[in-house]
Amino acid sequence: MNPGQIYPARECAEDRAATKRFDGFFNCWFLDPLYGRGYPEEVLVLYGDDAPRTRPADFPVIAAQTDFLGVNYHNPIFVRDARENAPLHIANVEPEGNYAAQGWIVYPLGLYDLLQRLHRDYPTGPIYVSANEAAYSDPLSSDSQIPDPDRTAFLARHLASCAEAIADGVPLRGYFVRSLLDSFEWTFGYSRRSGIIGVDYSTQLRTIKDSGRWYSQVIAENSVSADD
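Here's what the structure looks like:
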């Protein structure tokens with residue numbers, strides 16, 4: 486799944502309420518029925534006549550005891566109250582910070598907070614980070630290597646957040662980098678590179694990036710530091 490860690494853009498009652506509305510729309514709308522709670526009432530109210538028609542007998546069919554929950558995480562979402570934007574009355578905000586090439590803020594704390602929230606609020610069973618990525622410009626060096634220190638730092642900091650979540654009781658059982666290879670990136674096409682192995686699209690030559698070599702060492706040693 487693609488749940489989001491959502492924060493208020495400002496520490497005010499209006500933005501905290503906007504965060505709750507967007508969380509209902511973005512997260513609870515899917516997670517609540519999956520785990521036997523039905524659709525969140527506050528979102529049904531917002532949708533009004535556009536809300537789906539359901540019967541009580543539908544929800545036992547929708548609900549499931551999951552073997553695990555896969556969580557794709559790339560960046561958090563910051564929202565503010567926006568009365569003009571019906572029906573949710575929210576607007577996304579891009580705070581100051583370090584951004585990857587997709588325009589996503591790099592925020593490892595969001596992964597920790599999301600894992601904690603899912604474990605606290607839902608009977609997920611084991612959790613896996615099923616995708617975690619950042620795109621950067623990865624030019625070849627003069628010796629045909631691909632140094633990508635920003636990606637290495639991104640992975641190190643997010644893996645450190647995973648380790649902290651495990652230490653604090655989250656049943657996190659695995660982590661998957663997205664992706665092994667540079668590949669087609671949806672609306673970005675081939676213009677954004679997220680792999681730990683570089684691909685020359687004209688020749689299909691593969692080159693292991695520095696982040697790939699670093700990640701291989703992390704796997705071999707089964708340890709990571711946010712200072713790597």
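Going by the working numbering, the first residue of the sequence shown is number 486, and it counts up by one from there. Yeah, the Cβ is synthetic: ideal placement off N, Cα and C, and Gly gets one too.
| Item | Value |
| --- | --- |
| For the beta strand (DSSP E) that contains PRO502, what are its first and last residues? | The residue you asked about is not Pro; residue 502 is Ala in the sequence shown. Counting along the chain, ALA502 falls outside any beta strand (DSSP E), though it belongs to the alpha helix (DSSP H) covering 498-508. |
| Beta-carbon separation of ALA695 and GLY680 under 8 Å? | Checking the sequence, you will find Asp at residue 695 rather than Ala. In this structure, GLY680 does not lie closer than 8 Å to ASP695 by Cβ. |
| Hey, quick one: how far does the beta strand (DSSP E) through TYR492 stretch, first residue to last? | 491-493 |
| Quick one: what's ASN577 bridged to in DSSP? | VAL564 |
| Kindly give me the distance between the Cβ atoms of ARG678 and ASP635, rounded to whole angstroms, as I take these residues to be in contact under 8 Å. | Actually they are not in contact, since the Cβ atoms of ARG678 and ASP635 sit about 12 Å apart, beyond 8 Å. |
| Determine the closest residue to ASP628 out of VAL546, GLY523, GLY509, ILE693, with distance taken between C-alpha atoms. | ILE693 |
| Can you find the residues in the same chain that come closer than 6 Å, C-beta to C-beta, to ASP566, ignoring five residues on each side of it along the sequence? | GLU499, ASP500, ALA503 |
| Counting C-beta neighbours from all protein chains within 10 Å, is the total for GLY610 16 or more, i.e. buried, or is it exposed? | exposed |
| Taking the Cβ atom as the reference point for each residue, do TYR558 and LEU596 lie within a distance shorter than 8 Å? | yes |
| Taking ILE547 as part of the alpha helix (DSSP H), name the residues at either end of that continuous run. | 543-547 |
| Can you tell me which of the three DSSP states ASN487 falls into? | coil |
| Quick one: is TYR700 buried, meaning 16 or more other Cβ sit within 10 Å of its Cβ, or exposed? | buried |
| What's the gap between the Cα of ALA638 and the Cα of GLY489? | 22 Å |
| Would you call the segment 541-556 in contact with the segment 599-608, where contact means no fewer than 3 C-beta pairs closer than 8 Å? | yes |
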